[in-house]
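Just so you know, we're using this note's numbering here: the sequence shown kicks off at 246 and counts up by one. Beta carbons are placed, not taken as given, at the ideal position from N, Cα and C, and that holds for glycine. Worksheet for the structure shown next.
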Amino acid sequence: MPFPKPPKASIIYQDSQVYACLAMYPITRGHTVVVWKRPVRDLHLLSCEEYEHLMHVVDAVRDALQQELHVEKVYLIYMDEARHVHWHLVPRYNEQGFNVFAHAPKRARTFPLAPAIRTRLRRVIPRHKEFYGGTR
């Protein structure tokens, strides 16, 4: 089953294999979801190259969120509840541990952070490609 399409304004990164978007029901400001485009039920079903590419994008998005939002940590969450490969990246502000999940998320109607994070990613992605040796 394909992952639901995000609103266009929420998309901060996209290539032929993955996209990253601000969450429709954010736990914290900047909560982002990185989604594998092709329907794949679990991480272990990705090839090594696909997994590497996915994690490269997750890492780049994490770096961009840390820089743009001035947070020390971004939680990486993979729970497999949707049976489609995707990661949640949740910036940590003052909460620690599971307290970050104590908030009832509200549906986001606008995505004002998207342009700034998109711009930050354009600067971060090339450095990651050099480090990882990839050109995807």
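Which class does residue i belong to by DSSP, given the choice of helix, strand or coil?
{"i": "residue 364", "result": "helix"}
{"i": "residue 311", "result": "helix"}
{"i": "residue 259", "result": "strand"}
{"i": "residue 282", "result": "coil"}
{"i": "residue 371", "result": "helix"}
{"i": "residue 343", "result": "helix"}
{"i": "residue 381", "result": "Unreliable placement is indicated for residue 381, whose pLDDT of 42 sits below 50; the coordinate value is still reported in the next sentence. Residue 381 falls in the coil class under three-state DSSP."}
Which two residues bound the contiguous beta strand (DSSP E) that contains residue i?
{"i": "residue 267", "result": "263 to 267"}
{"i": "residue 337", "result": "331 to 337"}
{"i": "residue 318", "result": "318 to 322"}
Quick one: is the Cβ of residue i within less than 7 Å of any heavy atom of the ligand NAD?
{"i": "residue 271", "result": "The ligand NAD is not among the ligands present in this structure, which contains no ligands whatsoever."}
To the nearest angstrom, how far is it from the Cα of residue i to the Cα of residue j?
{"i": "residue 262", "j": "residue 283", "result": "7 Å"}
{"i": "residue 370", "j": "residue 300", "result": "12 Å"}
{"i": "residue 320", "j": "residue 334", "result": "6 Å"}
{"i": "residue 248", "j": "residue 308", "result": "24 Å"}
{"i": "residue 367", "j": "residue 344", "result": "32 Å"}
{"i": "residue 364", "j": "residue 281", "result": "21 Å"}
{"i": "residue 357", "j": "residue 278", "result": "16 Å"}
{"i": "residue 359", "j": "residue 257", "result": "6 Å"}
{"i": "residue 254", "j": "residue 267", "result": "9 Å"}
Just grab the DSSP bridge partners of residue i for me.
{"i": "residue 277", "result": "267 and 334"}
Report task. Answer yes if the segment 267 to 287 comes into contact with the segment 341 to 352, meaning at least three C-beta pairs across the two stretches below 8 Å, and no otherwise. Result -> yes
Requested in this report: Take every Cβ of the segment 278 to 288, pair it with every Cβ of the segment 312 to 320, and state whether three or more of those distances are shorter than 8 Å.
Outcome: no
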